[in-house]
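A.B. asks: Everything in the sequence shown is counted per the working numbering, starting at 955 for the first residue and increasing by one. Cβ atoms here follow ideal geometry from the backbone N, Cα and C, with glycine treated the same way. Please read these numbers as outputs of a predicted model, since none were measured by experiment. For reference, the structure I am asking about is given below.
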Amino acid sequence: MAMADNPAVIITGASRGIGRGIALELARSGFDLIINYAGHEQAARQTAQDCVKAGAADGRVVRAEIVQADVGKGSDRERLIDAARQTFGRLNLLINNAGITSINRRDVLEAREDEFDALMAINLKGPYFLSQLAANWFLEQKSDAHSDPRFHPRIVNISSISGYAVSTNRGDYCMAKAALGMMTKVYAARLAEHGITVHEICPGVIDSDMTAPVKEKYDQLFADGFTPIRRWGQPEDVGRAVVGIAQGYLPYSTGETIHVDGGFHVRRL
Ligand code: NAP
């Protein structure tokens, strides 16, 4: 990477919600961005435009390109990585954010295998194998004779409090998120010797399209003090945590879980 280049990031599922919040915060800190989406092209375009504006407002000139790809499909994952190669020719950061909630939210006693497979493909298999592609590209960049010794690529996985807090009507979602925690540790252990860190961000209840159907339930829970910090999480709360990692403020930590949940994980009596 030439010194003048911005660092480059791929954010999966960045058209809306948390991914969009992460994209905006990374744009403000000077990243060029690949904004991945599944189906909402217009939302992805809007995010890309807003990122360029957000960067400019902070005096940064950043590029933001949109790429349609279903992270659950191998050929799409390869196309996503190829798009980043063609567009920026480098990668500093992968954010595995794209995810869906449990399809039809069936009770565990009624859960269906086809719905389980569809969720696991997007929420678990996708990040696992996209990380593999990114990690191999990181190693390739590092082996380049002109590689900057300060080049420390990173992977950030967006899991959930559902990785440890049970919902009996979203068993597959909970299990996929729990597995992302182990995936983070596996990649962290494998890549540390190469100066590559891997983190898990564990968001609480965040205001997005995913949580819109349960808004009233959580409005009441927040009002009743369900989290020590009595408010909804916002996508930018997650975005700011990502920036802390991306800027290198956690250089001696890897395989770590960072809770962005208003204190939900704190056990209280
Ligand atoms: P959201 O508002 O529903 O947005 C989902 C994003 O993922 C969209 O950009 C969507 O693209 C993309 N996406 C969905 N399926 C995809 C696929 N197969 N391939 C590529 N992209 C895909 O969800 P969110 O609330 O922002 O959640 C983002 C992540 O945070 C998820 O992993 C979720 O599990 C996790 N999380 C959310 C919460 C919460 O309270 N909201 C809490 C903890 C963790 P399109 O716009 O094209 O559909």
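#1: Look at the alpha carbon of Glu1170 and the alpha carbon of Ile965, and state the distance between them as a whole number of angstroms.
#2: Mapping DSSP to helix, strand and coil, what is Leu1093?
#3: My guess is that Ala1132 and Asn1046 are in contact by the Cβ rule of under 8 Å, so how many angstroms apart are they, rounded?
#4: Measuring CB to CB, does Ala1224 end up less than 8 Å from Ile1057?
#5: Going by the CB atoms, is the gap between Ile1212 and Cys1156 shorter than 8 Å?
#6: Under 6 Å Cβ to Cβ from Met957, same chain only, skipping five residues before and after it: list those, please.
#7: Suppose you measure from the CA of Gln1000 to the CA of Gly1125; what does that come to, to the nearest Å?
#8: May I ask you to report which of helix, strand or coil DSSP gives Thr1001?
#9: For Ser969, which residues in the same chain have their Cβ closer than 7 Å to its Cβ, ignoring the five residues on either side in sequence?
#10: Which parts of the stretch 994-1053 are runs of the beta strand (DSSP E), unbroken and 3 residues or longer, counting only runs that do not cross its ends?
#11: Only counting the same chain, and skipping five residues up and downstream in sequence, which positions put a Cβ closer than 6 Å to that of His1219?
#12: Which residue or residues does DSSP assign as beta-bridge partners of Ile989?
#13: Measure the C-alpha to C-alpha separation of Tyr1227 and Gly975 and round it to an integer number of angstroms.
C.D. replies: In short, the structure shows the following:
#1: For this step, residue 1170 is matched to residue 216 along the sequence shown. For this step, residue 965 is matched to residue 11 along the sequence shown. Straight-line Cα distance between these residues: approximately 29 Å.
#2: Walking along the sequence shown from the start, residue 1093 turns up at place 139. Residue state, collapsed to three classes: helix.
#3: Counted from its first residue, the sequence shown places residue 1132 at position 178. Counted from its first residue, the sequence shown places residue 1046 at position 92. So it is not a contact: roughly 28 Å between Cβ atoms.
#4: Absent from the model: residue 1224. The displayed extent of the chain is 955 to 1223, so no value can be given.
#5: Counted from its first residue, the sequence shown places residue 1156 at position 202. Counted from its first residue, the sequence shown places residue 1212 at position 258. Yes. Within cutoff.
#6: On the sequence shown, position 3 is the one that residue 957 refers to. Low confidence applies to Met957: its pLDDT is 46, below 50, so where it sits in the model is not reliable, and the reading given next is rough at best. Once the five neighbours on either side are set aside, Met957 has no close Cβ partner at all.
#7: Numbered from its first residue, the sequence shown carries residue 1000 at position 46. Numbered from its first residue, the sequence shown carries residue 1125 at position 171. Distance between the alpha carbons of Gln1000 and Gly1125: 33 Å.
#8: The residue given as residue 1001 occupies position 47 in the sequence shown. Residue state, collapsed to three classes: helix.
#9: As a first step, residue 969 must be located in the sequence shown, where it is residue number 15. Excluding residues within five positions, the ones whose Cβ falls inside 7 Å are Ile989, Tyr991, His994, Ala997, Ala998, Thr1001.
#10: 1018-1022, 1047-1050
#11: By 1-based counting over the sequence shown, the position of residue 1219 is 265. Within the same chain, His1219 has close Cβ partners His1213.
#12: For the purposes of this step, residue 989 is taken as residue 35 along the sequence shown, with counting starting at 1. The partner list for Ile989 (beta bridge, DSSP) reads Ile965, Ile1020.
#13: Any property of residue 1227 remains undetermined from this structure, which presents the chain solely from 955 to 1223.
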